[in-house]
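Numbering (full-length UniProt numbering), first residue to last: 1 to 719. The structure appears below as C-alpha cells.
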Ligand SMILES: Nc1ncnc2c1ncn2[C@@H]1O[C@H](COP(=O)(O)OP(=O)(O)OP(=O)(O)O)[C@@H](O)[C@H]1O
C-alpha cells in the first residue's frame with residue numbers, strides 16, 4: 001500500500017449519459033416496438049453522452065481545436081508525419097552495477113552492490129535537462145481547477161484530486177517549473193533526478209544490450225530450455241507465458257531493482273505492496289474483521305456487538321449472482337437456454353446474427369447482463385427501501401459461500417469510488433494447481449475484493465449500469481480464453497460478482513505490487529524516476545492489453561496509472577472497466593463513435609472537449625497511453641488538460657507544434673541511445689496528434705520501430 005493514504009485518485013471527469021444498461025434495455029425490446037431496424041438495435045450498446053445535460057461542473061466544452069472533422073465511423077487512418085529531426089544531446093550517467101564488464105554480475109550471480117558502490121555520475125549538462133523538462137503550472141487554487149462532483153456515480157473530480165499527481169510528484173514549490181521562461185522557472189538539477197542514462201564506462205556492454213534493432217533473437221530461435229521461470233512467488237501464475245531467458249549474461253544496468261542484461265533482456269523487481277510483504281512474514285493470516293468488508297469502527301458499544309450494522313458488508317452471507325460455472329461460455333449458454341425472453345431477436349425468433357465472433361459482447365454476455373441487471377435491480381430496491389434482506393439464495397444452502405471460494409478479508413488494498421478494495425485470502429487446497437489466475441504463495445491464494453455500495457440518494461439506474469458494465473466487460477475480457485482462445489496476459493481477471501444484504505462485491509485477481517501511480521509517487525519521493533527501458537516495457541504491455549480490448553470491441557476510456565497494476569516481476573494488468581465503452585458488439589461490423597467527455601482529465605484526448613464532436617474511442621485510448629508514458633518518463637504531467645483554452649502548457653505545445661512541427665521537450669528527451677530516442681520521439685509525435693484522424697492507432701503504434709524493438713519481459717505472439 002505504497003502512498004495509500006496520500007493517494008488521491010484522478011476521478012473520471014464525467015460519464016456518458018446513455019448508460020450501459022439503458023442501451024441493453026433497448027436491445028432487449030423487439031425492434032418493432034421501437035420502430036428500429038435490427039441494424040439500429042445492434043447499434044445501441046455503446047456509450048454516448050449525446051443526451052448528456054452539461055453539468056456546470058464539467059470542463060467547458062470548446063471548439064478551438066481547429067477544424068476537426070468528426071471521426072464518426074471513420075476507419076482509423078495512419079498517416080506519416082514528417083519531422084525535422086534533430087539529434088538529441090549526448091546522454092551521460094546512469095546507475096550501473098559495476099564498472100568492469102568482466103566483473104559484472106550475471107543472472108546466476110545476483111547483484112549485491114551497496115548503494116555506495118553504484119556509480120551515479122552527475123549529468124554533463126544540467127542546463128539542458130532543465131530546458132528539456134517543462135513542468136506544469138503550480139497554481140492550485142480551487143477556483144482554477146474543475147470541481148465537478150457527481151457523488152452518485154463516482155465521477156468526482158475535485159480540485160484536490162485534479163492536482164493530486166502533481167502535488168505528490170512535485171515535492172516542493174521551488175522545484176517545479178511553470179511552463180517556460182525565466183531562470184526562476186528552471187528545474188533545479190539537484191532536485192531532479194538525472195535524466196541521462198549512460199556512463200562512459202562499459203559503453204560497449206551497454207551498446208550490446210541496447211543496440212537498435214535490439215539484439216534479442218526471435219522467439220523461434222530460443223532453445224526450449226532457455227525459457228525459464230523466475231524465482232518470484234507468483235511464478236506459477238505465469239508459467240504458461242513465454243518469457244525471456246536466464247542465460248548466463250552480464251547485468252549492464254541496475255536501477256532500483258530493474259536490471260538490464262547484456263543480451264538486451266531485463267528483469268523488473270517491483271516491491272511487493274506493504275500489506276503482502278507483512279502477510280508473507282507471518283505464519284498465519286490475520287483476520288481483518290472477518291465477515292465484514294467494512295472498516296472497523298472506532299470504539300465499542302454493547303449494542304454494536306449484537307446488532308448487524310445496516311452499512312456493513314455481510315461477507316459471510318454474500319452469494320454469487322452468477323450461475324454456477326458461468327465463467328465458461330458453454331455453461332453460461334446452457335444455464336440461460338430456457339430464459340431467452342429478453343434477448344435481441346430477429347424476425348421474432350432467432351438471435352441476431354453474429355458477424356463478429358471476436359467481440360467480447362456477444363449472446364452469452366447479453367444473457368448474463370439481462371440476468372444480472374434484473375437481480376441487481378431487485379436487490380437495489382430492497383436495499384434502498386431499507387428492507388435489509390439477505391440475498392435470495394442464502395436460505396437454500398446450495399451455493400458455496402464467499403468464504404469457501406475466496407477466503408476472508410486480511411487487509412485493505414485501496415479505495416474506489418463505491419467502496420473499499422480489500423485483500424482476501426484462503427488456504428490452498430489440492431484443487432488449486434498452476435497456472436493460477438491470481439497471486440498466491442506456498443500456502444494461500446489471494447483475491448482482490450471490491451465493494452460496490454450504492455450511495456444514499458444515488459440513482460439506482462446509474463449504479464446498476466456501473467456495476468454491470470464493470471463486471472461484464474472485465475469478466476468477458478478476462479475469460480475470453482476459456483472459449484479456446486489465447487489468454488490476455490495484460491487484462492486483470494475478474495472472477496465473480498456477489499451480493500449481500502447491503503452491497504455488491506466484485507472478486508478480481510490480486511496484483512501484489514500495487515499500481516503504477518503508487519510506483520511513480522514512490523520513485524518521486526526518492527527523487528528517482530523509471531528507467532526508460534523499464535517504461536518502454538510497461539508501455540508495450542499496456543499497448544498489448546489495450547489492443548486486446550480493441551480487438552474485442554471494447555475501449556477502456558479511463559487509462560491512467562491508477563488503473564495499471566503490477567506483479568513484482570513487471571507483469572502489467574489493466575483494471576477498472578467501469579467506464580469502458582463497447583464500440584462493436586458481436587452483431588456489428590461497424591465501429592461506433594461516441595461523444596462527450598470521459599476519463600480522468602489529464603489523460604483525456606483533446607477531441608473529447610470539442611462540443612458535439614463524435615470520436616473513435618480507440619483513439620482516445622491511444623492518447624491516454626501516450627500521457628501515461630510521458631508521465632512515467634517525466635514523473636509529472638506535461639499538461640493538466642489537453643485544451644488550449646484551459647492550459648497554457650498544452651497551448652504552448654499546440655502552438656510550437658503548429659509553428660515548428662517539433663516539440664522541444666520531445667526533441668530533448670533522452671534514452672539509452674540515440675536510435676531509441678529518435679524512434680520513440682517519432683512515435684510520440686504520432687500519438688500526440690490533436691486531430692484524431694492523424695493520430696496513430698494502438699495497432700499502428702505497436703508496429704512502429706520503437707515498440708517493435710522494445711524488449712519486453714513478455715513475448716507476444718503476433719499471430
Ligand atoms: N485487483 C487489484 N489488485 C491490487 N490492487 C488493486 C486491485 N484493484 C484495485 N486495487 C487498488 O485499489 C485502488 C482502487 O481501485 P479501483 O481502481 O478499482 O477503484 P476506483 O477506480 O476508484 O473505483 P471506481 O472506478 O469504481 O470509481 C487501485 O488504484 C489499486 O491501487
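Here a beta-carbon is modelled for each residue, glycine too, at the ideal position from N, C-alpha and C.
**OP:** Measure the beta-carbon distance from residue 620 to residue 599 and round it to whole angstroms, keeping in mind my assumption that it falls under 8 angstroms.
**Re:** Sure, about 7 angstroms apart at Cβ, within 8 angstroms.
Subject >> Check whether residue 477 and residue 488 have beta carbons under 8 angstroms apart >> reply: With contacts defined as CB atoms closer than 8 angstroms, residue 477 and residue 488 qualify as a contacting pair.
Original post:
Which value, in whole angstroms, describes the spacing of the CA atoms of residue 564 and residue 257?
Top reply: As the crow flies, the alpha-carbon of residue 564 is around 19 angstroms from that of residue 257.
**OP:** Report buried or exposed for residue 427, applying the criterion of at least 16 other Cβ atoms within 10 angstroms of its Cβ.
**Re:** By the 10 Å Cβ count, residue 427 comes out exposed.
**OP:** Counting only the same chain and skipping the five closest in sequence on each side, list residues whose C-beta sits under 7 angstroms from that of residue 705.
**Re:** Cβ-Cβ distances below 7 angstroms link residue 705 to 679 in the same chain, with the five nearest sequence neighbours on each side left out; the list follows chain order.
Original post:
From this set, 676, 556 and 526, which residue's C-alpha is nearest residue 578's C-alpha?
Top reply: The shortest C-alpha to C-alpha distance from residue 578 to any of 676, 556 and 526 is the one to 556.
Original post:
Going along the chain, which residues of its own chain have a beta-carbon closer than 7 angstroms to the beta-carbon of residue 716, five neighbours each way excluded?
Top reply: Setting aside the 5 residues that flank it on each side, residue 716 is surrounded in the same chain by 544, each with a C-beta closer than 7 angstroms to its C-beta; the list follows chain order.
**OP:** Look at the alpha carbon of residue 460 and the alpha carbon of residue 474, and state the distance between them as a whole number of angstroms.
**Re:** The straight-line gap from Cα to Cα measures roughly 21 angstroms.
**OP:** Going by CA-CA distance only, name the one from 641, 674 and 682 that's closest to residue 661.
**Re:** When only C-alpha atoms are compared, the closest one is 682.
Original post:
Taking 7 angstroms as the line, does the beta carbon of residue 414 fall inside it for any heavy atom of ligand 1?
Top reply: Set against 7 angstroms, the gap from the CB of residue 414 to the closest heavy atom of ligand 1 is smaller.
Original post:
What is the rounded straight-line gap between the Cα of residue 472 and the Cα of residue 511?
Top reply: Rounded to the nearest angstrom, the two C-alpha atoms are 20 angstroms apart.
**OP:** Look at residue 630 and residue 638 and say whether their C-beta atoms are less than 8 angstroms apart.
**Re:** Against a cut-off of 8 angstroms, the Cβ pair of residue 638 and residue 630 comes out as a contact.
**OP:** Starting from residue 496, follow the alpha helix (DSSP H) in both directions and report where the run begins and ends.
**Re:** Per DSSP, residue 496 belongs to no alpha helix (DSSP H); it is in the beta strand (DSSP E), 494 to 499.
**OP:** Look up residue 658 in the DSSP assignment and say whether it is helix, strand or coil.
**Re:** Secondary structure at residue 658: helix, using DSSP grouped into helix, strand and coil.
Original post:
Can you tell which of 413, 547, 417 and 654 has its C-alpha closest to the C-alpha of residue 467?
Top reply: Nearest of 413, 547, 417 and 654 to residue 467, Cα basis: 417.
Original post:
Residues in its own chain within less than 6 angstroms of residue 689 by CB, not counting five upstream and five downstream?
Top reply: If we look at residue 689 and ignore the five residues flanking it on each side, its Cβ neighbours are 695.
Subject >> Exposure of residue 606, with buried meaning 16 or more beta-carbon neighbours within 10 Å >> reply: Buried, because 16 or more other Cβ atoms sit within 10 Å of the Cβ of residue 606.
Subject >> alpha helix (DSSP H) segment containing residue 427, residue limits >> reply: Annotation: residue 427 is outside any alpha helix (DSSP H); the continuous beta strand (DSSP E) that includes it extends over 419 to 427.
Original post:
According to the Cβ coordinates, are residue 253 and residue 531 closer than 8 angstroms?
Top reply: Less than 8 angstroms divides the Cβ of residue 253 from the Cβ of residue 531.
Original post:
Just to confirm, are residue 493 and residue 429 a CB contact at a threshold of 8 angstroms?
Top reply: Between residue 493 and residue 429, the gap from beta carbon to beta carbon reaches 8 angstroms or more.
Subject >> Cα-Cα separation, residue 462 to residue 425 >> reply: Cα-Cα distance, rounded: 31 angstroms.
Original post:
With burial defined as no fewer than 16 other Cβ atoms inside 10 Å of the residue's Cβ, what is the status of residue 583: buried or exposed?
Top reply: Residue 583 is buried by the Cβ-count criterion.
Original post:
Measuring from the CB of residue 611, is there a heavy atom of ligand 1 at a distance below 7 angstroms?
Top reply: Because no heavy atom of ligand 1 lies under 7 angstroms away, the Cβ of residue 611 does not count as near it: no.
Original post:
Can we say the region 267 to 284 touches the region 507 to 522, given the rule of at least three CB pairs closer than 8 angstroms?
Top reply: The region 267 to 284 is in contact with the region 507 to 522.
Original post:
Is residue 504 near ligand 1, in the sense that its beta carbon is under 7 angstroms from a heavy atom of that ligand?
Top reply: No, since every heavy atom of ligand 1 falls outside the 7 angstroms radius drawn around the Cβ of residue 504.
Subject >> residue 709 in three-state terms, based on DSSP >> reply: Residue state for residue 709 is assigned as coil, using DSSP reduced to three classes.
Original post:
Based on the DSSP output, what are the partners of residue 560 in its beta bridges?
Top reply: None, per the DSSP bridge assignment.
Original post:
Where does residue 404 land, buried or exposed, given buried means 16+ other C-beta within 10 angstroms?
Top reply: Residue 404 counts as exposed, since fewer than 16 other C-beta atoms from the protein chains shown sit within 10 angstroms of its C-beta.
**OP:** Sort 479, 434, 379 and 414 by Cα distance to residue 502 and report the nearest one.
**Re:** When only C-alpha atoms are compared, the closest one is 379.
**OP:** Quickly, what does DSSP pair residue 632 with across the bridge? List them, please.
**Re:** None, per the DSSP bridge assignment.
Original post:
Can you pull the DSSP bridge partners for residue 320?
Top reply: Paired residue(s): 498.
Original post:
Just to check, is the beta-carbon of residue 519 closer than 7 angstroms to a non-hydrogen atom of ligand 1?
Top reply: Shortest gap from the CB of residue 519 to any heavy atom of ligand 1: 7 angstroms or more.
Subject >> Residue environment, residue 672, which counts as buried when at least 16 other CB atoms sit within 10 Å >> reply: Buried, since its Cβ has 16 or more Cβ neighbours within 10 Å.
**OP:** Report the option in 693, 414, 369 and 440 whose CA atom is closest to the CA atom of residue 407.
**Re:** Nearest option by C-alpha distance: 440.
Subject >> For residue 664: DSSP bridge partner residues >> reply: As computed with DSSP, residue 664 is found in no beta bridge at all.
Original post:
For residue 552 versus residue 359, is the C-beta spacing smaller than 8 angstroms?
Top reply: For the pair residue 552 and residue 359, the CB atoms are nearer than the 8 angstroms cut-off.
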